[in-house]
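K.L.:
Structure incoming, see below.
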Amino acid sequence: NSKVIQTPRYLVKGQGQKAKMRCIPEKGHPVVFWYQQNKNNEFKFLINFQNQEVLQQIDMTEKRFSAECPSNSPCSLEIQSSEAGDSALYLCASSLETGSAETLYFGSGTRLTVL
Amino acid sequence: GEQVEQLPSILRVQEGSSASINCSYEDSASNYFPWYKQEPGENPKLIIDIRSNMERKQIQELIVLLDKKAKRFSLHITDTQPGDSAMYFCAASNYAQGLTFGLGTRVSVFP
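Okay, structure coming up:
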């Protein structure tokens, strides 16, 4: 069972509003991933961190999202100005390391609805 | 980056029969292939995985096969039950971005 904790479970925002979600990775896991799963069930990688450093992020995340993983605090992903197309399930996962065959367990996700 | 194709997109099987889902990948460096089951309104849950040093793995009614030469892997659910109805996703490990997922297979088990 996953020990990744995500909050809130549901988030409803108006267009143009900020939308912030949080993730507490499994204890001892320095690597955190964020994925977006849209209504067509497609997964999109957004960003990943190792400790507090960004490893990789897609263009959309760089331009429209604010993400961080501070030490001793939950990781967060924030959309600066929500758009209707941002409505999706946002999934956080953590692992011990990148690259090698590391299992990813997902948190319960934050389901964002942008009205 | 890695690309993963998953087929079929929809699979209806009779209770007690087997269900098979096939995936293919492009990056020969991918070395880890998990399968996730996702029920409506829930997060994806890891059900079985296989690493590149194996060709076959079985956990109870789940069997995964990996053909590295052909860059294909598959999930077989034997003796399907109503509780097996869900979306199933295959994925391949990609160094930079963690996992690359297939588009999913909606499995429906009917009596």
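The listed protein sequences derive, respectively, from chains A and B.
When we follow our numbering, the leftmost residue of the first sequence carries the number 1, and every step to the right adds one.
When we follow our numbering, the leftmost residue of the second sequence carries the number 1001, and every step to the right adds one.
A virtual CB, placed ideally from N, CA and C, is assigned to each residue, including glycine.
Note that the coordinates shown come from a computational prediction; the quantities given were computed from them, not determined experimentally.
My output table needs one value for A1070 (chain B): the three-state DSSP class, helix, strand or coil.
P.N.:
Reduced to three states, the DSSP call for A1070 (chain B) is coil.
K.L.:
For the ligand ATP, is there a heavy atom less than 8 Å away from the beta-carbon of Y10 (chain A)?
P.N.:
The ligand content of the structure shown is nil, which means the ligand ATP is not present either.
K.L.:
Can at least three beta-carbon pairs, one atom from the stretch 69-80 of chain A and one from the stretch 1004-1020 of chain B, be found at a separation below 8 Å?
P.N.:
The stretch 69-80 of chain A, when compared against the stretch 1004-1020 of chain B, does not touch it at the 8 Å Cβ threshold.
K.L.:
Let me see if you follow: with CB-CB separation under 9 Å, is D1084 (chain B) close to chain A or not?
P.N.:
No - not a single Cβ of chain A is within 9 Å of the one on D1084 (chain B).
K.L.:
Mind checking if S1093 (chain B) is an interface residue toward chain A, Cβ cutoff 9 Å exclusive?
P.N.:
Yes, S1093 (chain B) lies at the interface with chain A (some Cβ there is under 9 Å from its Cβ).
K.L.:
Have a look at E1039 (chain B) and Y1088 (chain B) and give me their C-alpha separation to the nearest angstrom.
P.N.:
Approximately 9 Å between the Cα atoms of the pair.
K.L.:
Where do the ends of the beta strand (DSSP E) carrying D1084 (chain B) lie?
P.N.:
First-last for D1084 (chain B): undefined, no H or E at that position.
K.L.:
Near Y90 (chain A), what residues of its chain come up, given a Cβ to Cβ distance below 7 Å and the 5 sequence neighbours on each side ignored?
P.N.:
Taken in chain order, the residues that qualify are M21, W34, Q36, L77, G109, T110 and L112.
K.L.:
Under 9 Å, Cβ to Cβ, is there at least one residue of chain A near E1039 (chain B)?
P.N.:
No, E1039 (chain B) does not count as interfacial toward chain A.
K.L.:
Taking only beta-carbon positions, decide if L1103 (chain B) is within less than 9 Å of chain A.
P.N.:
True, the Cβ-Cβ gap to chain A drops below 9 Å.
K.L.:
At 7 Å on the CB atoms, spell out the chain D contacts of M1087 (chain B), in chain order.
P.N.:
Going by chain labels, chain D is absent from the structure shown, which instead holds the protein chains A and B.
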